[in-house]
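The structure appears below as structure tokens.
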Amino acid sequence: MLKKLTRALFGKPGKSRLPAATDTETASLPAALQALDLPDSVRILTRDEHGISRKQISPNALKVLYRLGDAGFHAFLVGGGVRDLLLKGSPKDFDISTDATPEEVRELFRNSRIIGRRFKIVHIRFGREIIEVTTFRAHHQADTTISDNSSRKTMRDMDSAHSDAGMILRDNVYGSIGEDALRRDFTINALYYTTRGFVVLDFADGQNDLDQRMIRIIGDPETRYREDPVRLLRAIRFAAKLDFRIEPSTEEPIDHLADLLGSVSPARLFDETLKLLAGGNAERTYALITRYRIMDYLFPATRAATPDPDSSAARLVQLALRNTDRRLQQSKSITPAFLYAALLWPPLLEALKERGIGPDERPRQPVLQEAANEVVTAQLQYTAIPRRFTAMMREIWDLQWRLMPTTPRRTRGAFEHPRFRAAYDFLVLREEAGEQTHGQGQWWTEFQRADEERQNQLLADLQSNREGGKKRRRRSRPKRNKGNPDGGSE
Ligand code: ATP
Ligand code: MG
5 MLKKLTRALF GKPGKSRLPA ATDTETASLP AALQALDLPD SVRILTRDEH
55 GISRKQISPN ALKVLYRLGD AGFHAFLVGG GVRDLLLKGS PKDFDISTDA
105 TPEEVRELFR NSRIIGRRFK IVHIRFGREI IEVTTFRAHH QADTTISDNS
155 SRKTMRDMDS AHSDAGMILR DNVYGSIGED ALRRDFTINA LYYTTRGFVV
205 LDFADGQNDL DQRMIRIIGD PETRYREDPV RLLRAIRFAA KLDFRIEPST
255 EEPIDHLADL LGSVSPARLF DETLKLLAGG NAERTYALIT RYRIMDYLFP
305 ATRAATPDPD SSAARLVQLA LRNTDRRLQQ SKSITPAFLY AALLWPPLLE
355 ALKERGIGPD ERPRQPVLQE AANEVVTAQL QYTAIPRRFT AMMREIWDLQ
405 WRLMPTTPRR TRGAFEHPRF RAAYDFLVLR EEAGEQTHGQ GQWWTEFQRA
455 DEERQNQLLA DLQSNREGGK KRRRRSRPKR NKGNPDGGSE
């Protein structure tokens with residue numbers, strides 16, 4: 005009955021394209037999709053089965069799907085957009101996969117540009133929204149291997165290439181939708197939605213893994229991780245984000261392949277650390293990257309400086325991540341500079357300690373700068389932090405000492421500093437983490453809440469405390485100079 009109905013709606017299904025499946029799990033193939041060379045194993049989910057409605061899809065993504073379709077191409081929503089809709093969540097972005105080449109897509113959309121070398125991708129911009137369009141890609145033949153130090157010319161001349169270690173260096177070999185699906189990372193990311201017949205094509209049993217709440221890599225796990233070690237991070241990211249388990253054979257190699265991350269460019273790793281830690285699930289993700297020894301390849305100095313999870317240094321990192329998650333939940337802004345300032349604070353304290361500066365001592369400017377340089381330079385070998393963020397991190401660090409209320413003039417100066425707010429938030433987290441800060445955070449909390457009169461009073465108190473302190477010191481000095489060890493206690 006169902007078959008009859010769908011046939012009446014969409015036309016006769018292609019003979020060999022449909023899997024041998026029951027009526028309940030597979031619908032007929034819409035006529036418009038019959039030209040696609042679908043593998044027998046594809047599962048077709050009808051609108052009733054997948055429940056995705058066009059209302060949930062960004063109007064811009066729909067516009068792209070329809071315009072590509074009208075121009076005679078196949079176009080599908082794919083990846084996180086489909087996955088998150090099937091999970092009844094709201095997708096972060098909408099990615100589209102098509103049989104049009106990047107150049108053909110570019111011609112259809114004036115507001116588009118081709119980006120990427122490793123993968124050619126078209127970005128179509130609609131105001132602040134970017135729809136990413138990729139062309140169906142085929143899987144690589146591992147025999148198109150080039151050695152890591154081969155000439156640039158050789159690489160440029162090839163559309164696809166692997167390094168000796170099995171890593172994909174270039175990936176612009178176009179293929180069928182079935183091939184495209186199998187070169188995606190996880191089964192739950194290989195689901196394709198089309199407005200032609202409103203079906204979802206499931207190439208790797210992804211719907212089943214969504215039901216089982218499971219992250220499962222497509223193909224042989226070790227080969228797939230070697231092709232692109234960032235998939236190690238992606239497995240963890242999705243497990244944390246979706247609160248899914250990682251399927252055992254997908255999970256098993258993560259530990260011992262973690263060192264492959266050493267071959268990923270620091271620029272790409274910086275982007276990935278942000279996806280891991282600034283995606284709203286930082287706390288859970290951090291617990292996983294620690295468990296899988298990934299920290300050694302992302303933040304080795306942080307790991308080395310936080311051996312005790314109950315130390316104030318480790319707690320500060322934890323609190324900063326929790327704070328980031330909370331801010332994102334409340335739709336507040338976050339900056340990578342704050343996150344990195346927190347992650348690298350424990351190594352900074354260590355670097356200061358090596359220079360003889362204790363945790364609650366004030367380092368001289370050149371000493372602080374030298375220690376900060378050392379920590380930042382070491383981290384840049386792993387994740388290439390853009391300069392605007394390193395500059396802001398240094399300011400947040402520097403202000404930690406400048407926020408020690410001293411003279412009214414300096415205190416006002418710190419308050420008016422453009423990074424005051426971030427530095428104050430950081431100080432409060434340090435206090436919460438159990439660091440000894442002599443109540444500085446509380447002082448500033450009171451100062452900010454106070455009206456002008458009260459603020460002046462607090463500053464005047466500072467001044468008189470200072471003068472009191474100075475007088476005491478001045479009087480005590482002559483006695484000490486006379487060799488009286490108990491001198492100064494009045
Ligand atoms: P998010 O919600 O974070 O956007 P996503 O799954 O959409 O999740 P993207 O980075 O936007 O992730 O990638 C879109 C899709 O491209 C993925 O769902 C996956 O199918 C494919 N993909 C992305 N990165 C890789 C990779 N490293 N290896 C294989 N496939 C990948
Ligand atoms: Mg996406």
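When the letters of the sequence shown are read in order and numbered with this note's numbering, they come out as residues 5 to 494. Ideal placement from N, C-alpha and C gives every residue a C-beta, glycine not left out. None of the values given here were measured: they were computed from a predicted structure.
Inter-residue CB distance, residue i and residue j (contact presumed, cutoff 8 Å)
i: residue 320; j: residue 434; result: 6 Å
i: residue 220; j: residue 190; result: 6 Å
i: residue 237; j: residue 205; result: Between residue 205 and residue 237 the Cβ distance is about 27 Å, and since that is not below 8 Å, they are no contact.
i: residue 138; j: residue 123; result: 7 Å
i: residue 257; j: residue 290; result: Not confirmed; about 21 Å, so no contact.
i: residue 375; j: residue 355; result: 4 Å
Cα-Cα separation between residue i and residue j, rounded to whole angstroms
i: residue 408; j: residue 226; result: 52 Å
i: residue 63; j: residue 108; result: 21 Å
i: residue 367; j: residue 344; result: 21 Å
i: residue 338; j: residue 42; result: 44 Å
i: residue 26; j: residue 181; result: Residue confidence is low: residue 26 scores 38 on pLDDT, short of 50, so the model does not pin down where it sits. No coordinate-derived value is stated.
i: residue 61; j: residue 117; result: 22 Å
i: residue 437; j: residue 316; result: 5 Å
i: residue 104; j: residue 76; result: 9 Å
i: residue 70; j: residue 274; result: 35 Å
i: residue 100; j: residue 329; result: 28 Å
i: residue 270; j: residue 394; result: 15 Å
i: residue 154; j: residue 110; result: Legend: pLDDT at residue 154 = 37, less than 50; position of this residue unreliable, value from coordinates given subsequently. Their backbone Cα atoms lie some 32 Å apart in a straight line.
i: residue 50; j: residue 203; result: 5 Å
i: residue 82; j: residue 98; result: 7 Å
i: residue 413; j: residue 468; result: 14 Å
i: residue 459; j: residue 443; result: 17 Å
i: residue 439; j: residue 323; result: 12 Å
i: residue 386; j: residue 193; result: 28 Å
i: residue 253; j: residue 449; result: 51 Å
i: residue 250; j: residue 224; result: 15 Å
i: residue 216; j: residue 399; result: 46 Å
i: residue 136; j: residue 325; result: 29 Å
Span of the alpha helix (DSSP H) around residue i
i: residue 274; result: 270–281
i: residue 428; result: 424–436
i: residue 307; result: 304–309
i: residue 258; result: 258–261
i: residue 343; result: 340–347
i: residue 112; result: 106–112
i: residue 53; result: 51–54
i: residue 80; result: No alpha helix (DSSP H) holds residue 80; the beta strand (DSSP E) holding it covers 79–82.
i: residue 293; result: 286–295
i: residue 62; result: No alpha helix (DSSP H) holds residue 62; DSSP gives it neither H nor E.
i: residue 329; result: 316–333
i: residue 419; result: 412–419
Residue i beta carbon near the ligand ATP (any heavy atom closer than 6 Å)
i: residue 99; result: yes
i: residue 137; result: no
i: residue 232; result: yes
i: residue 96; result: yes
i: residue 189; result: yes
i: residue 220; result: no
i: residue 64; result: no
i: residue 141; result: no
i: residue 193; result: yes
i: residue 200; result: no
i: residue 425; result: no
i: residue 217; result: no
i: residue 326; result: no
i: residue 288; result: no
i: residue 117; result: no
i: residue 272; result: no
i: residue 132; result: no
i: residue 398; result: no
i: residue 391; result: no
i: residue 110; result: no
Contact test: residue i Cβ vs the ligand MG heavy atom, cutoff 6 Å
i: residue 120; result: no
i: residue 93; result: no
i: residue 84; result: yes
First and last residue of the uninterrupted beta strand (DSSP E) at residue i
i: residue 101; result: 99–102
i: residue 138; result: 133–139
i: residue 128; result: 125–130
i: residue 116; result: 116–119
Discussion item. Quick check for students: name the residue ranges of the beta strand (DSSP E) that lie wholly in the segment 167–238, counting only runs of 3 or more.
Written reply: 172–175, 195–197, 204–206
Worksheet item: Fully enclosed by the segment 434–471, which alpha helix (DSSP H) runs are 4 residues long or longer?
Response: 444–453
Worksheet item: Which runs of the beta strand (DSSP E), 3 residues or longer, sit entirely within the segment 338–399?
Response: none
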